[in-house]
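In this note's numbering, the protein residues as written are 24 to 211.
A virtual CB, placed ideally from N, CA and C, is assigned to each residue, including glycine.
All values reported here derive from a predicted model rather than from experimental measurement.
Contents: one structure, followed by commentary.
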Amino acid sequence: MRYSWAELTENLTDCQKCRLCEHRNHIVPGEGNPNAQLMFIGEGPGQEEDRLGRPFVGRSGELLTRMIHAIGMERSEAYICNIVKCRPPQNRNPEPDEAEACLPFLRAQVALVRPRVIVLLGKVACRYTLREEIFITRDHGRWFERKGTWFMPTFHPSALLRDPTKKRDAWDDFQKIREKLNEINSAT
Ligand code: URA
24 MRYSWAELTE
34 NLTDCQKCRL
44 CEHRNHIVPG
54 EGNPNAQLMF
64 IGEGPGQEED
74 RLGRPFVGRS
84 GELLTRMIHA
94 IGMERSEAYI
104 CNIVKCRPPQ
114 NRNPEPDEAE
124 ACLPFLRAQV
134 ALVRPRVIVL
144 LGKVACRYTL
154 REEIFITRDH
164 GRWFERKGTW
174 FMPTFHPSAL
184 LRDPTKKRDA
194 WDDFQKIREK
204 LNEINSAT
């Protein structure tokens with residue numbers, strides 16, 4: 024399905040394709056530059072995101088924003104979204120049927136933004152995009168090319184908050200993202 028931005032918004036409004044609609048306060052579609060070169064995909068909204076209807080605005084969002092700044096970019100230059108657009112209760116992982124029900128929206132976002140680089144924040148984001156068994160500790164920082172788009176798994180910011188010793192590796196991943204964007208921009 025090829026959506027325009029308006030159709031995407033219309034289809035998301037009052038979406039009841041899965042049980043996550045039952046407890047949500049707000050749908051969290053995503054936000055950022057509609058022509059971004061860089062897209063971030065997380066797992067699903069948390070409490071603060073559900074309250075405000077915006078992705079990555081809680082503690083892990085603050086960290087993500089700092090990491091984006093660290094590679095010389097503003098958050099508004101990227102596009103930020105999630106696998107599921109409604110908060111799973113108690114922040115549990117989305118169930119496969121919930122993720123599958125929501126994926127057409129993510130596919131539409133990718134088709135509209137057409138990012139060159141997609142950063143996958145954590146295992147859940149990898150599972151439903153790369154469709155490969157990914158272990159973040161093993162595969163973070165690796166590039167996966169799919170139809171001309173570069174995908175990189177890295178740590179979810181909440182994993183970095185739980186275990187700050189992983190921040191060094193995450194920092195190295197972000198440097199690789201900066202290098203990839205520089206490479207893309209110097210070739211065009
Ligand atoms: N965690 C996510 O995966 N996404 C958000 O939007 C916030 C926290």
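In the DSSP assignment, residue 130 falls within the unbroken alpha helix (DSSP H) covering 119-136. Within 7 Å of the C-beta of residue 79 there is at least one heavy atom belonging to ligand 1. For residue 179, the shortest C-beta to heavy atom distance toward ligand 1 is below 7 Å. Below 8 Å, too few C-beta pairs join the segment 163-176 and the segment 83-93 to call them touching: fewer than three. Note: residue 105 is bridge-paired with 65 in the DSSP secondary-structure output.
For residue 122, the CB contacts under 7 Å within the same chain, skipping 5 residues up- and downstream, are 106, 107 and 151 in chain order. With respect to the 8 Å criterion, residue 69 and residue 98 are not classified as neighbours on the basis of their beta carbons.
When only Cα atoms are considered, residue 120 and residue 43 end up about 11 Å apart.
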